[in-house]
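One structure is given here, and the rest of the page talks about it.
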Amino acid sequence: MEIFAHVDNKGRKQTLEAHLEGTAQLAASFAVSELKSAAFYLGRIHDIGKCRPDFQRRLNNEKIRCEHACCGAAEIMKSGGLASYLLAYCAAGHHSGLQNGGAKNDSPDDGTLHAALNKDASDYLPEGERFRRSMPDMKPLINMISDGTRDIPECIERSAFFTRYLFSCLTDADFIDTERFCSPDTDRSIKGDFSKALENVDIELAKFKCDTDVRTARKSLQEQAFSACQYGGIHIMNMPTGSGKLSQLTNVSKIDAMAHKVPIIAVA
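Numbering (the working numbering), first residue to last: 1 to 268.
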């Protein structure tokens, strides 16, 4: 029995195997080398729930609801360990967004990760057997979380960061692979005359009047940013939010406001 992931508006069907492999390859390409295997695994497992009979019926225009993301999370959790939790967040939220963790006794309707894991969606098996994959070695991820610190809050922050990082790799890959199948003529190349855009910005900036203390301060900061750009390199601007940090489009500006004796003004 062929399992499908998508049907476009012309009735063409993309197989689940093609979608999982395409998403996995893209996700791995987006990730840093240490996390490529984790990103690839997420891509291969995230849509395993589309094996559910009701989901396949839905693709055939039956008006039914069928959640599939919870199945990928449940499949990942079978591996156990911290890494499985982090990856399960990504799979469970790849359409709805990252969820709160919740508690193990959450109701299936509570909208948390544990709620997703408590859903009865095991009917993705036995068809899902052929799409199962073993979780790769997660030591690189764990090492990035624990490296150089035993501070628990720091480890929690790193866990959250790398979860969001892998989530981004997965959701971008999922979207792009789906778009390539359903809307193959979509042009996502970047086009624009950036020199002309910068010229237009300069024209508009030249119209501003420095008739208040705040505007005068902003102009001073802007001039420092432009000046720093002349020397190349990467620069940091330590200035309050709303200061109007501006730079040439080909550079990242660097100014330390205190070092240059620029007044720090509370600007909305």
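Here a beta-carbon is modelled for each residue, glycine too, at the ideal position from N, C-alpha and C. Remember, it's a predicted structure, so these values are computed and weren't measured experimentally.
Excluding the 5 residues flanking it on each side, residue 137 has same chain C-beta neighbours closer than 8 Å at 37, in chain order. In this structure, residue 172 places its C-beta atom within 8 Å of the C-beta atom of residue 30.
Residue range 4-7 is occupied by the beta strand (DSSP E) that includes residue 7.
Its chain contains 46, 69, 170, 171 and 174 as the residues whose beta carbon lies nearer than 7 Å to that of residue 94, once the 5 sequence neighbours on both sides are disregarded; these appear in chain order. Under DSSP, residue 14 shares a beta bridge with 6.
Straight across, the Cα-Cα distance linking residue 216 with residue 235 is about 22 Å.
In the three-state reduction of the DSSP assignment, residue 108 falls in the coil class. Here the alpha carbons of residue 206 and residue 32 stand approximately 42 Å from one another.
Residues 40, 43 and 44 of the same chain have their beta carbon placed closer than 6 Å to that of residue 24, with the five preceding and five following residues left out of the count. Contact between the stretch 137-155 and the stretch 8-23 is absent: fewer than 3 CB-CB pairs across the two stretches fall below 8 Å. For the options 54, 1 and 124, the alpha carbon positioned closest to that of residue 75 is the one of 124.
Taken in chain order, the complete alpha helix (DSSP H) segments of 4 or more residues contained in the stretch 68-143 are 69-77, 82-92 and 113-117. With fewer than 16 other beta carbons inside 10 angstroms of its own, residue 109 counts as exposed. Around the C-beta of residue 91, 16 or more other C-beta atoms lie within 10 Å, and the residue is accordingly described as buried. DSSP, reduced to helix, strand and coil, places residue 57 within a helical segment of the structure shown. The beta-carbon distance between residue 51 and residue 131, rounded to whole angstroms, is 7 Å. This is short enough to meet the 8 Å contact definition. Minimum Cα-Cα distance from residue 165 among the listed residues 222, 214, 227 and 97 corresponds to 97.
Around residue 22, the same chain offers 177 as residues with beta carbons nearer than 7 Å, after the five sequence neighbours per side are excluded. Taking C-beta atoms as the reference points, residue 219 and residue 229 fail to come closer than 8 Å. Under the three-state reduction of DSSP output, residue 162 falls in the helix class. Shown here, residue 22 sits in a helix according to DSSP, grouped into three states. DSSP places residue 148 outside both helix and strand once states are collapsed to three, so it counts as coil.
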